[in-house]
Amino acid sequence: MLEDLGRLKRLDDQLHRVDARGLSDVEKLDLSILRLAVLRARWTHESEERWRRNPMFYADALDVSLYLRRDFKPLRERVADMTAILRWAPDVFAAGRENLGTVLPRPFVETGIDVARGTAAFLENDVLRTARSCGDPAVLGAFEVANSVAAKECRAFAAWLEKERLPQADASFALGRERFARMLRAEAVHASPEAILAAGQRELASERARFEAAAREIDASRPASAVFKAIQRDHPTA
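Be aware that the sequence shown starts at 0, since it is given in numbering that gives the first Met the number 0, and climbs by one per residue.
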């Protein structure tokens with residue numbers, strides 16, 4: 000992580016030393032996009048700290064669904080690519096156990112457990128079923144070994160989270176004002192957190208008024224929440 004952060008800082012410095020005066024409008028836009036991308040990546044490392052605070056950082060690392068959804072190369076080659084990724088499973092989860100803090104936000108831990116178990120089931124069912132149609136026994140054999148290990152590692156990580164981190168988890172998921180402000184700047188949003196909150200509250204009040212007005216049109220004799228629950232029972236069949 001420190002190596003990645005150092006690389007991002009060097010890239011950030013290089014991009015800010017680029018003289019934009021001689022660039023075309025398109026090139027200036029590209030430069031701006033690159034600067035923001037690096038700033039957001041730095042924010043992820045320095046402020047969000049997913050690698051230290053969020054088990055999903057590791058549970059998501061073995062998501063190979065793209066290789067099933069996109070037919071960008073022959074299936075045999077995509078299966079080989081998935082094998083190369085899944086072989087990293089033991090190292091990924093070992094890093095998670097080493098890097099994650101002792102006290103983590105409860106929503107992150109609970110979701111991390113669900114994601115890890117869901118990934119294991121996905122690998123054992125959908126991914127394996129698709130891989131078996133690749134038509135190359137050698138490629139499939141290597142994949143099955145890596146896939147089996149990866150699924151077991153996912154389940155072991157979920158069990159570790161449940162035993163070692165969930166009992167001590169708390170509600171400390173909020174970023175706080177300063178980290179939230181840095182996130183806004185990384186998204187090229189220059190409004191303050193207070194301005195964002197005020198805008199959100201105005202929009203909430205507006206939407207609540209529209210919600211209540213719509214409910215009165217349907218049934219003025221009942222509260223809006225009761226009308227909403229009632230219309231949920233009236234929906235098409237599958």
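Quick reminder that beta carbons are idealized off the backbone N, C-alpha and C, glycines included.
If you're wondering where the values come from, they're calculated on a predicted model, not measured in any experiment.
Cβ pair residue i, residue j closer than 8 Å
i: ASN98; j: ARG41; result: no
i: ALA115; j: PHE156; result: yes
i: LEU183; j: ALA173; result: no
i: LEU14; j: ARG34; result: yes
i: VAL226; j: ASP233; result: no
i: VAL102; j: ASP169; result: yes
i: GLY100; j: ALA58; result: no
i: LEU160; j: PRO54; result: yes
i: ALA223; j: LEU38; result: no
i: HIS44; j: LEU4; result: yes
i: ARG75; j: VAL138; result: yes
i: ALA130; j: VAL78; result: yes
i: LEU30; j: LEU22; result: yes
i: PHE121; j: MET81; result: no
Secondary structure of residue i, DSSP reduced to three states
i: PRO104; result: strand
i: ASP169; result: strand
i: PHE210; result: helix
i: LYS72; result: coil
i: ASN124; result: helix
i: HIS234; result: coil
i: PRO222; result: coil
i: ARG201; result: helix
i: VAL188; result: coil
i: ARG77; result: helix
i: LEU4; result: helix
i: ARG164; result: helix
i: LEU196; result: helix
i: LEU14; result: helix
i: LEU99; result: coil
Exposure label - residue i; buried when at least 16 CB within 10 Å
i: PHE71; result: exposed
i: ARG164; result: buried
i: PRO136; result: exposed
i: ALA194; result: exposed
i: THR236; result: exposed
i: ALA229; result: exposed
i: VAL126; result: buried
i: LEU61; result: buried
i: ALA214; result: buried
i: VAL188; result: exposed
i: ALA158; result: exposed
i: ALA83; result: exposed
Unbroken alpha helix (DSSP H) run spanning residue i, endpoints
i: TRP42; result: 24-42
i: LYS146; result: Here residue 146 turns out to be Asn, not Lys, going by the sequence shown. Looking at the DSSP string, the run of the alpha helix (DSSP H) that includes ASN146 is 136-159.
i: TRP87; result: Premise fails: TRP87 is in no alpha helix (DSSP H) and is neither H nor E.
i: ALA60; result: No alpha helix (DSSP H) holds ALA60; DSSP gives it neither H nor E.
i: ALA129; result: The sequence given here has Thr at residue 129, not Ala. Its alpha helix (DSSP H) spans residues 127-130.
i: ARG184; result: 176-185
i: ARG51; result: 49-52
CB contact check: residue i to chain D, cutoff 8 Å
i: GLU26; result: Looking for chain D here will not work: only one protein chain is present.
Can you find at least 3 beta carbon pairs, one from the segment 175-182 and one from the segment 140-160, that sit closer than 8 Å?
Remark: fewer than three beta-carbon pairs, one from each stretch, lie closer than 8 Å, so the segment 175-182 and the segment 140-160 are not flagged as touching.
Report yes or no: do the segment 141-151 and the segment 100-116 share at least 3 C-beta pairs separated by less than 8 Å?
no
Does the segment 14-24 come close enough to the segment 122-141 that 3 or more CB-CB pairs lie under 8 Å?
No: fewer than three Cβ pairs fall under 8 Å.
Three or more C-beta pairs under 8 Å: does that hold for the segment 55-69 against the segment 200-209?
no
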